[in-house]
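In UniProt numbering, the protein residues as written are 1 to 321.
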């Protein structure tokens, strides 16, 4: 103790500032904190993954520009894309989770418990090109739903959870070797402060993926997208997910997995011609998209999102009040 006291002789100590008695907490709008939250989210997921997982995921940082988002957002929104190889989650041709997947779900659930209530995570399932289009699409949806169910069972309530399947339409690399096909069979987690931002980023996959493909693969890439023009990202209802029958995709047909109950859809982005989206396989009541100017919208936790890969836009159900 005497040695410690002697070592402190001659040192200068600065007192920390004391907040005045009338000081008030300042709550910043989310637009001012979205980048800091993104950095914290990325660091938290990496830290939890390094601590708990044997198979390290790949992290990618994306950004959705303000010009492609509802006008009320007033800022670019970063999207964190976390990619796990499918063998961590599923056996070949299966949608039931492997025991090894539980640790991954635990990490994601723990990370989501510290998120703002309007944070969204989209779980996207992907396959390779073995098997026909309809089978691969249905398998990718079932796999995404299995992961979403597992997150929901862990009591994640802070963030909204969505599941979407793309079948074989979005390969990371050409399906030319066994190793390449293994990379394409994957589960992706996409985190963003707003569901709109993640949906917009997903709608532009054709441009992102096909543009980066080799010249000889670009045509095949574009054809894969043409066979799957629209998919629906379905939100997880807190406490449970109702099981729905997935209909095979047909060329030029809109895919709507759950029934859409809203009387209309609203386009985020430039106006487009009217499009009919019908629920399958139940009652075929047509829902018409009314072309409008760029509209301020919000996506609620219980609203599906139509991701239009061909038009590179998303369709949502409700106007912001």
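Glycine included, every Cβ here is placed at the ideal spot set by N, Cα and C.
The model shown is predicted, which means the values in this text are computed figures rather than measured ones.
Buried versus exposed, by CB contacts within 10 Å (16 or more), residue i
{"i": "residue 65", "result": "exposed"}
{"i": "residue 140", "result": "buried"}
{"i": "residue 215", "result": "exposed"}
{"i": "residue 115", "result": "buried"}
{"i": "residue 292", "result": "At residue 292, the pLDDT of 36 sits below 50, so the modelled position is not reliable; the number obtained from the coordinates is stated separately. Counting Cβ neighbours within 10 Å, residue 292 comes out exposed, since fewer than 16 surround it."}
{"i": "residue 155", "result": "exposed"}
{"i": "residue 159", "result": "buried"}
{"i": "residue 146", "result": "buried"}
{"i": "residue 234", "result": "buried"}
{"i": "residue 99", "result": "exposed"}
{"i": "residue 47", "result": "exposed"}
{"i": "residue 167", "result": "buried"}
{"i": "residue 279", "result": "At residue 279 the pLDDT is 42, less than 50, meaning the model places this residue with poor confidence; the figure from the coordinates comes in the next sentence. Burial call: buried."}
{"i": "residue 222", "result": "exposed"}
{"i": "residue 68", "result": "buried"}
{"i": "residue 86", "result": "buried"}
{"i": "residue 224", "result": "buried"}
{"i": "residue 50", "result": "exposed"}
{"i": "residue 211", "result": "exposed"}
{"i": "residue 149", "result": "buried"}
{"i": "residue 151", "result": "buried"}
{"i": "residue 36", "result": "exposed"}
{"i": "residue 186", "result": "buried"}
Endpoints, alpha helix (DSSP H) assigned at residue i
{"i": "residue 325", "result": "Given that the chain is displayed from residue 1 to residue 321, the structure contains no residue 325 and the question cannot be resolved."}
N-terminal and C-terminal residue of the beta strand (DSSP E) that residue i is part of
{"i": "residue 82", "result": "77 to 85"}
{"i": "residue 59", "result": "58 to 64"}
Cross-strand partners of residue i (DSSP beta bridge)
{"i": "residue 235", "result": "162"}
{"i": "residue 191", "result": "80, 121"}
Proximity winner among the options, relative to residue i (alpha-carbon distances)
{"i": "residue 323", "options": "211, 192, 224", "result": "Because the chain is modelled from 1 through 321, residue 323 falls outside the range shown and cannot be assessed."}
{"i": "residue 184", "options": "149, 165, 107", "result": "165"}
{"i": "residue 119", "options": "89, 79, 150, 131", "result": "79"}
{"i": "residue 171", "options": "36, 201, 47, 217", "result": "217"}
{"i": "residue 91", "options": "177, 232, 105, 143", "result": "143"}
{"i": "residue 63", "options": "224, 222, 232, 202", "result": "202"}
{"i": "residue 41", "options": "59, 32, 54", "result": "59"}
{"i": "residue 117", "options": "53, 195, 204", "result": "195"}
{"i": "residue 205", "options": "85, 180, 231, 136", "result": "231"}
{"i": "residue 44", "options": "173, 152, 110", "result": "110"}
{"i": "residue 123", "options": "188, 112, 49", "result": "188"}
{"i": "residue 132", "options": "150, 169, 113", "result": "169"}
{"i": "residue 130", "options": "54, 88, 108, 182", "result": "182"}
{"i": "residue 175", "options": "126, 199, 197, 161", "result": "126"}
{"i": "residue 108", "options": "56, 199, 94", "result": "56"}
{"i": "residue 32", "options": "54, 157, 75", "result": "75"}
{"i": "residue 179", "options": "198, 102, 128", "result": "128"}
{"i": "residue 39", "options": "81, 71, 54", "result": "81"}
{"i": "residue 162", "options": "138, 190, 186", "result": "190"}
{"i": "residue 53", "options": "37, 77, 89", "result": "89"}
{"i": "residue 199", "options": "106, 121, 95, 83", "result": "121"}
{"i": "residue 83", "options": "70, 104, 77", "result": "104"}
Residue i beta carbon near the ligand COA (any heavy atom closer than 8 Å)
{"i": "residue 123", "result": "The ligand COA is absent from the structure shown, which contains no ligand whatsoever."}
Scan the stretch 109 to 187 and note each continuous beta strand (DSSP E) run of 3 residues or more that stays entirely inside, going in chain order. Annotation note: the stretch 109 to 187 contains the following uninterrupted beta strand (DSSP E) runs of length 3 or greater, listed N- to C-terminal: 120 to 126, 160 to 165.
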